[in-house]
Amino acid sequence: MTPAPVDPQEHPDLPELPYEAWSDTLDTLRLFVQIVGKVKLAATHPRNHWWNVTFSLDARGLTTRRLCVDGVFFDIAFDFVDHRLVVRTDRGDVRTFALDGGLSVAGFDARLHGTLAGLGVDVPLREKPFGVPHLTTPFADDTAHATYDRARVERYWRALSWSADVLEEFTGWFTGKTSPVHVFWHSFDLAVTRFSGKRADPLGTADPVTAEAYSHEVVSFGWWAGDPKVPYPAYYSYTAPKPDGLAARPLSPAAAAWVDDGAMALLPYEAVRAERDPRRALLAFLQTAFEAGAGAAGWPADELTSSWCPTPEQLRALARSGLQGR
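Written out as structure tokens, the structure is:
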């Protein structure tokens with residue numbers, strides 16, 4: 492599946508990011524992040540829906556925020572400005588090492604564990620990728636993934652940062668339970684999720700990870716940079732459990748579409764780049780995808796609208812503007 496060609500405008504915060512041009516770097520970076528994500532899993536208290544394992548955005552990249560091992564508090568950050576991994580402790584220690592220069596996944600894994608051991612905060616991990624069908628080599632054995640293109644990573648970081656800011660604005664329109672705007676390391680997607688407040692029906696044979704993630708009704712939104720299944724960057728939304736009639740509901744802007752038999756709404760990143768007002772176009776997609784999911788699932792959406800949300804007429808105008816083309 493490929494998006495229709497577009498004629499992008501020049502938006503400095505939305506650079507070109509063709510998946511094929513940097514998939515090797517993306518895979519390497521994704522595996523680096525998985526390793527640190529597994530450290531976070533081992534060094535945090537559990538939270539509902541696995542929110543304890545996610546990464547937050549800061550001014551320079553991705554951060555674990557505060558972790559703890561044996562009474563020592565520390566954090567780990569990917570600095571995409573200087574392209575370094577940074578480990579800091581509450582004892583005043585700071586250790587860094589470069590992410591580029593041919594560092595393989597195996598080398599990163601060894602370097603990170605050595606750094607953490609030197610600070611007294613190393614933890615044992617299940618040393619293999621999780622949830623990535625095309626990446627299966629154990630971390631310590633993976634010398635094949637060692638590509639790190641600084642310019643491409645910087646483009647990714649700008650797109651991720653811009654997208655997160657739009658999601659933060661959208662999050663403020665809702666008063667119900669909502670996740671942070673965060674990055675999941677297994678799927679390597681930026682995400683935010685809204686909840687109806689109702690428990691979902693049991694998922695039967697679902698694995699424990701999935702069962703915890705989808706214990707309640709959700710409409711989720713996000714962005715990813717592409718993968719072999721969807722080989723282009725795209726914004727998405729899905730409703731779980733999937734309600735009847737979801738794919739019959741309208742989406743905005745015109746480039747948005749229901750895929751996978753209506754299970755997922757997708758809006759190609761390139762289509763957003765092509766808009767005269769990309770922010771408005773993305774907000775239109777998020778809002779119409781929410782209205783579709785909440786409406787089909789019977790949520791009391793009016794009761795969950797915040798005082799910061801645009802008025803109903805402004806929301807209708809937002810949806811209409813997305814359907815009027817570029």
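Using this note's numbering, the letters of the sequence shown correspond one by one to residues 492 to 817.
All residues carry an ideal CB built from backbone N, CA and C; glycine is no exception.
Here the structure is a predicted model, which means the values were calculated and not measured.
Expected contact under 8 angstroms - CB spacing of residue i and residue j to nearest Å
i    : j    : result
W542 : P699 : Actually they are not in contact, since the Cβ atoms of W542 and P699 sit about 16 angstroms apart, beyond 8 angstroms.
S706 : A691 : 6 angstroms
A589 : V577 : Not confirmed; about 11 angstroms, so no contact.
A747 : A756 : 6 angstroms
F564 : T554 : Not confirmed; about 13 angstroms, so no contact.
Beta carbon of residue i nearer than 8 angstroms to that of residue j
i    : j    : result
S644 : F571 : The question names Ser, but residue 644 is Val in the sequence shown. In contact: V644 and F571 (Cβ atoms closer than 8 angstroms).
S687 : A787 : no
A597 : L558 : no
A810 : Y760 : no
L681 : A655 : yes
D504 : W653 : yes
W676 : G528 : yes
L795 : T666 : yes
K689 : E708 : yes
For residue i, three-class secondary structure by DSSP
i    : result
V560 : strand
R770 : helix
L758 : strand
A748 : strand
H625 : coil
V710 : strand
G611 : coil
R538 : coil
T666 : coil
A512 : helix
T730 : strand
Element boundaries [beta strand (DSSP E), containing residue i]
i    : result
D680 : 680–690
V577 : 575–580
Limits of the alpha helix (DSSP H) - the one that residue i falls within
i    : result
T554 : From DSSP, T554 is part of no alpha helix (DSSP H) but of the beta strand (DSSP E) over 552–554.
Legend entry - Three or more C-beta pairs below 8 angstroms linking the segment 772–788 and the segment 736–744: Yes: at least three Cβ pairs fall under 8 angstroms.
Inset, instruction - Please confirm if the segment 538–555 is in contact with the segment 617–635, defined as three or more CB-CB distances below 8 angstroms between the two stretches. - result: Not touching, per the Cβ criterion.
Inset, instruction - Count the C-beta pairs between the segment 590–606 and the segment 625–642 that are closer than 8 angstroms, then say yes if the count reaches three, no if not. - result: Output reads yes: the segment 625–642 touches the segment 590–606.
Inset, instruction - Determine, using beta-carbon pairs with one atom in the segment 513–523 and one in the segment 728–737, whether at least three such pairs fall under 8 angstroms. - result: The segment 513–523, when compared against the segment 728–737, does not touch it at the 8 angstroms Cβ threshold.
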